[in-house]
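The block underneath contains the structure these notes are about, expressed in structure tokens.
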Amino acid sequence: MTKGRILITGASGFTGRHACTHFARLGYEVVAVVRRPGSLEQDLVREVVCNLAQQAEVQRLLMTERPQLLLHLAGLNAVADSWAEPLAYMSGNVMSTLYLIDSLRELSLHSCRVLVAGSMLGPRFQEDDQPQPLHPYSLSKTVQTLVARAWGHLFRLPVMIAQPSNLIGPGRSNGLCGLIGAHLAHLEVSAADAGTDSLELAPAPFRLSSLTEARDFIDVRDAVHAYEHILHLGEPGHVYPIGSGRLRSLGETAACFESRVAAPVRWLIGADVQNPVSLVQEMDDGLIIDPPPPEKQSSVNTAPMQTLGWYPSIPFEQSVEDILNYFRRNS
Numbered sequence: 254m255t256k257g258r259i260l261i262t263g264a265s266g267f268t269g270r271h272a273c274t275h276f277a278r279l280g281y282e283v284v285a286v287v288r289r290p291g292s293l294e295q296d297l298v299r300e301v302v303c304n305l306a307q308q309a310e311v312q313r314l315l316m317t318e319r320p321q322l323l324l325h326l327a328g329l330n331a332v333a334d335s336w337a338e339p340l341a342y343m344s345g346n347v348m349s350t351l352y353l354i355d356s357l358r359e360l361s362l363h364s365c366r367v368l369v370a371g372s373m374l375g376p377r378f379q380e381d382d383q384p385q386p387l388h389p390y391s392l393s394k395t396v397q398t399l400v401a402r403a404w405g406h407l408f409r410l411p412v413m414i415a416q417p418s419n420l421i422g423p424g425r426s427n428g429l430c431g432l433i434g435a436h437l438a439h440l441e442v443s444a445a446d447a448g449t450d451s452l453e454l455a456p457a458p459f460r461l462s463s464l465t466e467a468r469d470f471i472d473v474r475d476a477v478h479a480y481e482h483i484l485h486l487g488e489p490g491h492v493y494p495i496g497s498g499r500l501r502s503l504g505e506t507a508a509c510f511e512s513r514v515a516a517p518v519r520w521l522i523g524a525d526v527q528n529p530v531s532l533v534q535e536m537d538d539g540l541i542i543d544p545p546p547p548e549k550q551s552s553v554n555t556a557p558m559q560t561l562g563w564y565p566s567i568p569f570e571q572s573v574e575d576i577l578n579y580f581r582r583n584s
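Numbering-wise (our numbering), the sequence shown opens with residue 254 and increments by one.
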């Protein structure tokens, strides 16, 4: 007997694959929603093809599956692309969410608990209450959060919002740590093929926007565990930030990767195009890459998740090791 049926959208994505594995191992019947058949290789889940941008397809999906839990991870998330196709981002992130939630209303599936994965880049307003989003992607996530909570309130549906910080961990991701991991694994292969530690044949240096910019990183496996807590214990209509509660500078982050790589590593910082550096060497020579000051240490308010009994358990250093090992196996 299973613990119930959970429908996971965006199942073939970075977070979706981890979510499918997590819930399947716990004994749930996992319905993995993908856009193309054969997107997953997991035997413990049942793959279902659905275009979430098509309302009729979404209605048929929910009419057939009638899940007890719905984890909505699907969406468009490339900031650069959102500038080129802003309407596609509004449609893909907002309307697909509404199609899912409203189909629950139409089918009277009022007991299905819904968790919509939002973004820390979402709600951003100035004191004059005029919306000032960072980019069209941010706007789409702001509106997604607003309409999901409003629809739940209007029609008494148990809809909750998760707002994860920067997700990291093993698997293919377009996030900074995923890109660094893929680059450095390729660099190791290049160095091994060259039979030397020379930089002559190494890939071009990886560019960091700065050394001091700070971000909160949370392992995707911890985030999925948080999603489980919210689905079962969260309060409808509430927004749950998910993060480590600790900011790391990009310099500190990159140096953590570099120190674990068996090849010479070089970085370009900011707009500099001529002076690649080794952060480990720079630190040995006296460069101090400090963490942000204490007043800026808590980038995410983790108190709401702590009330549900959730705490992050995977150290950042372990995430870095797992990222590098994933790309070493798959580069």
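Cβ coordinates follow ideal geometry from the N, Cα and C atoms, glycine included.
Rounded to whole angstroms, the Cβ separation of L326 and T398 is 14 Å, and the two are not in contact under 8 Å. Taking the Cβ atoms as the reference, I421 lies roughly 5 Å from F470, within the contact range of under 8 Å.
For E574, same chain residues with a beta-carbon under 6 Å away, outside a window of 5 residues either side, do not exist. For S502, the enclosing beta strand (DSSP E) begins and ends at 500 to 502. E505 counts as buried, since at least 16 other C-beta atoms from the protein chains shown sit within 10 angstroms of its C-beta. Between the alpha carbons of G291 and S335 lies a gap of roughly 27 Å. Going by beta carbons, G424 and F569 fall outside the 7 Å limit.
Within the model, the alpha-carbon separation for Q295 versus V283 is close to 11 Å. Counting along the chain, the unbroken alpha helix (DSSP H) around L357 starts and ends at 349 to 359. Among the bridge pairs identified by DSSP, E282 is matched with R258. Taking a contact as a CB-CB distance under 8 Å, the pair I495 and L561 does not count as one, their CB atoms being some 11 Å apart. The region 302 to 355 is shown to contain whole beta strand (DSSP E) runs of 3 or more residues at 322 to 325, in chain order. Uninterrupted alpha helix (DSSP H) stretches at least 4 residues long and entirely within the region 379 to 449 occur at 389 to 407, 429 to 447, given in chain order. According to the DSSP assignment, D575 belongs to the alpha helix (DSSP H) that extends over 569 to 583. Scanning its chain for C-beta atoms nearer than 7 Å, with the 5 sequence neighbours on each side dropped, one finds around V332 the residues H388, Y390, in chain order.
Per DSSP, the continuous alpha helix (DSSP H) segment holding A556 begins and ends at 556 to 560. Secondary structure note for V492: its beta strand (DSSP E) is the uninterrupted segment 492 to 495.
About 12 Å separates the Cβ atoms of I414 and L324, ruling out a contact at the 8 Å cut-off.
Taking C-alpha positions only, V473 is separated from L322 by approximately 20 Å.
Leaving aside the five residues that flank A515 on each side, the residues in its chain whose CB is nearer than 8 Å to its CB run, in chain order, E441, A444.
Residues of the same chain with a CB within less than 8 Å of the CB of C273, apart from the 5 flanking positions on each side, are I261, A264, V283, A285, L293, Q295, L297, V298 in chain order.
In this structure, the alpha-carbon of P557 lies about 20 Å from that of A403.
With a contact defined as Cβ atoms closer than 8 Å, E481 and H275 qualify at about 7 Å.
For L461, the uninterrupted beta strand (DSSP E) run begins and ends at 459 to 461, by DSSP. Only residues of its own chain outside the window of five on either side were considered, and among them D469, L500 have a CB closer than 6 Å to the CB of S552, listed in chain order.
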